[in-house]
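Q: I'd like to ask some things about the structure below.
Numbering (mature numbering (1 follows the signal peptide of the UniProt record, and there is no 0)), first residue to last: -25 to -1, 1 to 451.
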């Protein structure tokens, strides 16, 4: 992932370091008495929101409190590996860790995290008047236990949207050629048949016109969990297969055991996704979320499913993107009936992603980390963070004039997230998230490489998931 630090970010750093209000400064300096010179260490994935926290909010927090922040922004794989090993061994290397929405249930089940609500109640002098969980969007609910206590403070939230090349879709010559071939007007796809048709058209258009242009992105790294996630969290739901195809009551994965992981709908979804590789750039079988964003930003794909954290920089940062001013944003294509199920709450159309910072029980500086979590959770720092990383965790951020101005430049992405966000959903509340993902992953990879046909791969994946769930004690 690229490293982001815009002029706006630099300007905010200067502002936070030099012009804090007296009341603001008094709380932080008073609360941090006795902790000056303490160093807290944290780890997160190297993403735009995390790099902003490292480069801007960390130094500002140090200025306000005297507490130093050492922030390790690394790869997704390394982030999880290091954080989990630290918490398992209780070594206390990290004082705060990134908790992605889909892993929180596993962390809670393993008792890795400090109860933030309880910690603040037990330490009232550390409670900031500017930290109020009720001001967050409903995304914060993902980081609460069944009692409503908070275990992580959200630092990013976004939906995985359908990005398309608005300049190509609106080009008169392109539109004329598309209508001549298909007898239909060119527009963002509403269903999978239209999406495939558009992918075919632009792949052929690229070849005919000598352009490095393909019809779609595919997040199909053959050996990285990113491909599993795109299938089960982004593609399956658009075909009406929810919760990874696993029954949330009986924990059956295969059709034989009441699940849908190898159902006809799941097999149709997987075949559609695998077949899209014929219309995707050659780097697609090595692409995680990072490479998909880079591919789209390089102008190599006419459409694709892209994590929203990348939407702003792809659409506005000419130093990183070749398609500035050319990006359209829409809802993902769905099968008939899926949108109705999502609207009623019975289903969903895609992934609502994001994460929080939490404090491991193994931390040796819990009080200092508690101040840090509240600092990044203030309303006052949210707007510039949103501009830097296309992430919104507070309701009021949507109404900020500068965010609304950027919204226009990203084709209404923030408006779409606010208004259509309820159609998306985070990962199912599975404590066995990692174990089942690893059980089914080899078969997904084998379908990508062509070693297995998609339907065969899902039959094997469903059987492996059933076996793992039985081994873990969820099934008899």
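The beta carbon of each residue, even a glycine, is placed where N, CA and C say it ideally should be.
1) Is the beta carbon of residue 192 sitting closer than 9 Å to the one on residue 92?
2) In the DSSP assignment, the beta strand (DSSP E) including residue 328 goes from what residue to what residue?
3) How big is the Cα-Cα spacing for residue 50 and residue 17?
4) On a Cα-Cα basis, can you pick out the residue from 64, 173 and 417 that is closest to residue 308?
5) Going residue by residue through the stretch 102 to 178, where are the continuous alpha helix (DSSP H) segments of at least 4 residues, counting only ones entirely within it?
6) Between residue 300 and residue 338, what straight-line distance do the alpha-carbon atoms span, to the nearest angstrom?
7) To the nearest angstrom, how far is it from the Cα of residue 433 to the Cα of residue 75?
8) Can you tell me where the beta strand (DSSP E) with residue 73 in it begins and where it stops?
9) When every heavy atom of the ligand NAD is checked, does at least one fall within less than 8 Å of the C-beta of residue 213?
10) Output the distance between the C-alpha atoms of residue 229 and residue 220, rounded to the nearest integer angstrom.
11) Can you check which of these residues, 446, 257, 108 and 236, is closest to residue 418 by C-alpha distance?
12) Hey, residue 29 and residue 48: beta-carbon distance below 9 Å or not?
13) Quick check: the Cα distance between residue 231 and residue 216, rounded to an integer number of angstroms?
14) On the three-pair Cβ rule with 8 Å, is the stretch 26 to 45 touching the stretch 367 to 385?
15) Candidates 447, 273 and 31: which alpha carbon is nearest residue 414's?
16) Going by DSSP, what residues sit across from residue 278 in a beta bridge?
17) Provide the residue span of the beta strand (DSSP E) that contains residue 305, from first to last.
18) Which word fits residue -4, buried or exposed, when buried means at least 16 other C-beta atoms lie within 10 angstroms of its C-beta?
19) Go through the stretch 41 to 99 residue by residue and report every complete run of the beta strand (DSSP E) that reaches 3 residues or more, in order.
20) By alpha-carbon positions, which one of 375, 346, 114 and 189 ends up nearest to residue 355?
21) For residue 322 versus residue 133, is the C-beta spacing smaller than 9 Å?
22) Which residues does DSSP pair with residue 400 in a beta bridge?
23) Considering only C-alpha positions, which residue in the set 422, 19, 27 and 440 is nearest to residue 234?
24) Keeping to the same chain, check which residues put their C-beta closer than 7 Å to that of residue -24; ignore five residues upstream and five downstream.
25) Quick one: measure Cβ to Cβ for residue 90 and residue 126, integer angstroms, because I've assumed they're closer than 8 Å.
26) Check whether the Cβ atoms of residue 98 and residue 428 lie closer than 9 Å to each other.
27) Just verifying my parser: in three-state terms, what is the DSSP assignment at residue 15?
28) Since I believe residue 289 is in contact with residue 268 (beta carbons under 8 Å), could you give me their beta-carbon distance rounded to a whole number of angstroms?
29) Which partner residues of residue 369 appear in the DSSP bridge assignment?
30) Exposed or buried, residue 194, counting other C-beta atoms within 10 Å across all chains shown (16 or more means buried)?
A: In short, the structure shows the following:
1) Taking the chain shown and counting its residues from 1, the one referred to as residue 192 is at position 217. Taking the chain shown and counting its residues from 1, the one referred to as residue 92 is at position 117. Remark: C-beta atoms of residue 192 and residue 92 do not approach each other more closely than 9 Å.
2) Counting from 1 along the chain shown, the entry for residue 328 is found at position 353. It spans 327 to 333 - the beta strand (DSSP E) in which residue 328 sits, taken as one unbroken run.
3) Within the chain shown, residue 50 is the residue found at index 75, counting from 1. Within the chain shown, residue 17 is the residue found at index 42, counting from 1. Whole-angstrom Cα-Cα distance: 14 Å.
4) Start at 1 with the first residue of the chain shown, and residue 308 comes out as number 333. The shortest CA-to-CA distance from residue 308 to any of 64, 173 and 417 is the one to 173.
5) You should have 141 to 144 and 147 to 157.
6) By one-based count along the chain shown, residue 300 stands at place 325. By one-based count along the chain shown, residue 338 stands at place 363. The alpha-carbon atoms of residue 300 and residue 338 are separated by roughly 45 Å.
7) Along the chain shown, one-based indexing puts residue 433 at 458. Along the chain shown, one-based indexing puts residue 75 at 100. Residue 433 and residue 75 have their C-alpha atoms some 26 Å from each other.
8) Sequence index remark: in the chain shown, residue 73 carries index 98 (1-based). Counting along the chain, the beta strand (DSSP E) containing residue 73 begins and ends at 71 to 75.
9) In terms of ligand content, the structure shown is empty, and the ligand NAD therefore cannot be addressed.
10) Start at 1 with the first residue of the chain shown, and residue 229 comes out as number 254. Start at 1 with the first residue of the chain shown, and residue 220 comes out as number 245. Between the alpha carbons of residue 229 and residue 220 lies a distance of about 8 Å.
11) Within the chain shown, the letter at position 443 stands for residue 418. Taking only the C-alpha atoms, the option nearest residue 418 is 236.
12) In the chain shown, residue 29 corresponds to position 54, counting from 1. In the chain shown, residue 48 corresponds to position 73, counting from 1. A contact, by the Cβ cut-off of 9 Å.
13) Locating residue 231 in the chain shown gives position 256, counting from the first residue. Locating residue 216 in the chain shown gives position 241, counting from the first residue. Take the alpha-carbon of residue 231 and the one of residue 216: they are about 16 Å apart.
14) Under the three-pair Cβ rule at 8 Å, the stretch 26 to 45 does not count as touching the stretch 367 to 385.
15) Translated into the one-based positions of the chain shown, residue 414 becomes position 439. Comparing alpha carbon positions, the residue from 447, 273 and 31 closest to residue 414 is 447.
16) The sequence position of residue 278 within the chain shown is 303, counting from 1. Residue 278 pairs with 139.
17) Working through the chain shown from its first residue, we reach residue 305 at position 330. Counting along the chain, the beta strand (DSSP E) containing residue 305 begins and ends at 302 to 305.
18) Within the chain shown, numbered from 1, the residue matching residue -4 stands at position 22. A caution first: residue -4 carries a pLDDT of 34, below 50, which makes its placement in the model unreliable, though a value can still be read off. Burial call: exposed.
19) Runs found: 43 to 49 and 71 to 75.
20) Against the chain shown, residue 355 aligns to sequence position 380. Comparing Cα positions, the closest option is 375.
21) The residue labelled residue 322 in the question sits at position 347 within the chain shown. The residue labelled residue 133 in the question sits at position 158 within the chain shown. Contact flag unset, no.
22) Position 425 of the chain shown, counted from the start, is the residue given in the question as residue 400. Per DSSP, 326.
23) Translated into the one-based positions of the chain shown, residue 234 becomes position 259. Nearest C-alpha to residue 234 among 422, 19, 27 and 440: 440.
24) Along the chain shown, one-based indexing puts residue -24 at 2. Bear in mind that a pLDDT of 36 at residue -24, under 50, signals an unreliable position, so the number given afterwards is only what the model happens to contain. So the list reads 295, once near-sequence residues are dropped.
25) Within the chain shown, the letter at position 115 stands for residue 90. Within the chain shown, the letter at position 151 stands for residue 126. Rounded, the Cβ-Cβ distance is 6 Å, consistent with contact.
26) Position 123 of the chain shown, counting from 1, holds the residue named residue 98. Position 453 of the chain shown, counting from 1, holds the residue named residue 428. Result no, Cβ atoms of residue 98 and residue 428 do not sit closer than 9 Å.
27) Stepping through the chain shown from its first residue, residue 15 is reached at position 40. DSSP places residue 15 in strand when its eight states are reduced to three.
28) Within the chain shown, the letter at position 293 stands for residue 268. Within the chain shown, the letter at position 314 stands for residue 289. Rounded to the nearest angstrom, the Cβ distance from residue 268 to residue 289 is 6 Å, consistent with a contact under 8 Å.
29) Along the chain shown, read from residue 1 onward, the residue named residue 369 stands at position 394. Residue 369 is bridged by DSSP to 111.
30) Locating residue 194 in the chain shown gives position 219, counting from the first residue. Flag for residue 194 reads buried.
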